[in-house]
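Enquirer:
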C-alpha cells in the first residue's frame, strides 16, 4: 500500500499539500477573527482591570503548559509517519505521557501560586484554567491526522469548538456573568476540542479504547522529547512572564492593556506554523526514502 505522505513534486502532490495547508490556514483565520471580536466584547464588558486579572490568570496557568505537551508535537508526527502499524501503541503511550505531564503542571502551578502568595480569588481562577490542560492530552489525535495529511478533520474540530466557545462567551456577556465563568470557559474549550477529536477519530473507524501504553515506546518518545520540553518551558516563561510582572509590579488594569496588545501581535504566528505542520510529514517521509 502506497504511503499517503510520500513526497513527489507532481501536480497531484502539490494540490494535496496545498489543500492541507489551506485547511490549517482557514482554521487559524477563523480562530484569529473570533478571538479578536470576542476579545473586543470581553474588554468592553469586563473593563481593563478585570480583563487584566483574567489575562494574568491565563498567563500564570499556561506558564508550565509546555511540560504537559511533553514536547511531542513533531516527534509524534514523525513516529506515526515512520511506524503507522504501531499507531495505537504510539498514541496510547504519548497520551499517558501527556496525562502525567498535565498532573505535573497542576502540581507545579499550585506550588507557584503558594510561593507568589496570590489572592484567593485569583488563585481560584488559575486553578480552574489549569485543569483544562488534562483534556489537551487527547490532542494526540490531531497529530495522527497531521501524519496522514488530513488537516481537514483537525481544522473542522478546532473551528467548531472555537465557534461554540465564542458563542458561549457571548452568552455569558449577555447574562452579565462573573469573572469566574470566563475562567471556566477557558478550561471548557480544551474539553470541547477533546470531545470533537474523539468523535471524528471514532468516525474514522478508530477507537481510543485500542490505545495501549508501552514502556519502551514511551521511553523512546521521552528520550527524543526532553530537550524540546526544556526549550518549550523557556519559551513559555519568556512569553508569559511579562504579564505576571506587569500585574504584580504595576496593576491589573495595566496588564489588561498589555494583554490586549499581545493578542494582536501573537495572532500572526499561525502563518509559519501552518506551513511547517502541513509539510512536516512529507519531509519525514522524504528523509526515510533517501
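Residue numbers (this note's numbering): 13 to 302. Where is the CB? At the ideal position from N, CA and C, for every residue including glycine. Keep in mind that this is a model prediction, so the values were computed, not measured.
1. Taking only runs that begin and end inside the region 176-220, name each unbroken alpha helix (DSSP H) of 4 or more residues, in chain order.
2. Measure the alpha-carbon distance for residue 161 versus residue 151 and round it to whole angstroms.
3. Closest to residue 180 by CA distance: which of 167, 194, 77 is it?
4. Ends of the alpha helix (DSSP H) at residue 75?
5. By DSSP, does residue 169 sit in helix, in strand, or in coil?
6. Okay, do the region 78-91 and the region 101-114 touch, 3+ Cβ pairs below 8 Å being the bar?
7. Using the beta-carbon count (16 or more within 10 Å), is residue 214 buried or exposed?
8. If we count the other Cβ atoms within 10 Å of its Cβ and call it buried at 16 or more, is residue 32 buried or exposed?
9. Evaluate residue 127 with the Cβ neighbour count: other Cβ atoms within 10 Å of its Cβ, from every protein chain shown; 16 or more gives buried, anything less gives exposed.
10. Is it buried or exposed for residue 73, if we count other Cβ within 10 angstroms and need 16 for buried?
11. Taking C-alpha atoms, which residue in 175, 105, 132 lies nearest to residue 222?
12. For a minimum of 4 consecutive residues, which ranges assigned as the alpha helix (DSSP H) are wholly contained in the region 58-115?
13. Thinking residue 87 and residue 178 are a contact (beta carbons under 8 Å), I'd like their distance in whole angstroms, please.
14. Pick from 159, 203, 52, 198: whose alpha carbon is nearest that of residue 139?
15. Could you check if residue 131 is buried or exposed, using at least 16 other CB atoms within 10 Å of its CB as the buried criterion?
16. Check the C-beta distance from residue 134 over to residue 76 and give it rounded, since I have them as a contact under 8 Å.
17. Residue 32 by DSSP, collapsed to three states: which one?
18. Quick check on residue 161: does DSSP put it in helix, strand or coil?
19. With DSSP as the reference, label residue 226 as helix, strand or coil.
20. Can residue 54 and residue 48 be called in contact, C-beta distance under 8 Å?
21. Whole angstroms is fine: what's the gap from residue 51's alpha carbon to residue 176's?
22. Out of 156, 241, 234, state which residue places its alpha-carbon closest to the alpha-carbon of residue 94.
Expert: Working from what's here:
1. 191-215
2. Indexing the chain shown from 1 puts residue 161 at position 149. Indexing the chain shown from 1 puts residue 151 at position 139. Looking at the two C-alpha atoms, the distance is approximately 16 Å.
3. Along the chain shown, one-based indexing puts residue 180 at 168. Among 167, 194, 77, the Cα nearest to that of residue 180 is on 194.
4. By one-based count along the chain shown, residue 75 stands at place 63. From DSSP, residue 75 is part of no alpha helix (DSSP H); its letter is neither H nor E.
5. As a working note, residue 169 is residue 157 in the chain shown. Residue 169: helix per DSSP, three-state reduction.
6. yes
7. Position 202 of the chain shown, counted from the start, is the residue given in the question as residue 214. With fewer than 16 other Cβ atoms within 10 Å, it is exposed.
8. Counted from its first residue, the chain shown places residue 32 at position 20. Looking at its Cβ environment, which holds 16 or more other Cβ atoms inside 10 Å, residue 32 is buried.
9. Taking the first residue of the chain shown as position 1, residue 127 is located at position 115. With fewer than 16 Cβ atoms within 10 Å of its Cβ, residue 127 is classed as exposed.
10. In the chain shown, residue 73 corresponds to position 61, counting from 1. By the 10 Å Cβ count, residue 73 comes out buried.
11. Counting from one through the chain shown, the residue named residue 222 turns up at place 210. Nearest of 175, 105, 132 to residue 222, Cα basis: 105.
12. 77-81, 85-94
13. In the chain shown, counting from the first residue as 1, residue 87 sits at position 75. In the chain shown, counting from the first residue as 1, residue 178 sits at position 166. 32 Å between Cβ atoms; not a contact.
14. Here the question's residue 139 lines up with position 127 in the chain shown. When each option's Cα is compared against that of residue 139, the closest is 198.
15. Counting from one through the chain shown, the residue named residue 131 turns up at place 119. Per the 10 Å Cβ criterion, exposed.
16. Within the chain shown, the letter at position 122 stands for residue 134. Within the chain shown, the letter at position 64 stands for residue 76. With a Cβ gap of about 17 Å, residue 134 and residue 76 do not count as contacting.
17. Within the chain shown, the letter at position 20 stands for residue 32. Note: residue 32 maps to helix in three-state DSSP.
18. Along the chain shown, one-based indexing puts residue 161 at 149. Reduced to three states, the DSSP call for residue 161 is coil.
19. Position 214 of the chain shown holds residue 226. It is coil, neither helix nor strand.
20. Residue 54 sits at position 42 when you count from the first residue of the chain shown. Residue 48 sits at position 36 when you count from the first residue of the chain shown. Cβ distance not < 8 Å, so residue 54 and residue 48 don't count as in contact.
21. Residue mapping note: residue 51 aligns to position 39 of the chain shown, counting from 1. Residue mapping note: residue 176 aligns to position 164 of the chain shown, counting from 1. Going from the Cα of residue 51 to the Cα of residue 176 covers about 15 Å.
22. Mapped onto the chain shown, residue 94 falls at position 82. Answer by Cα proximity: 156.
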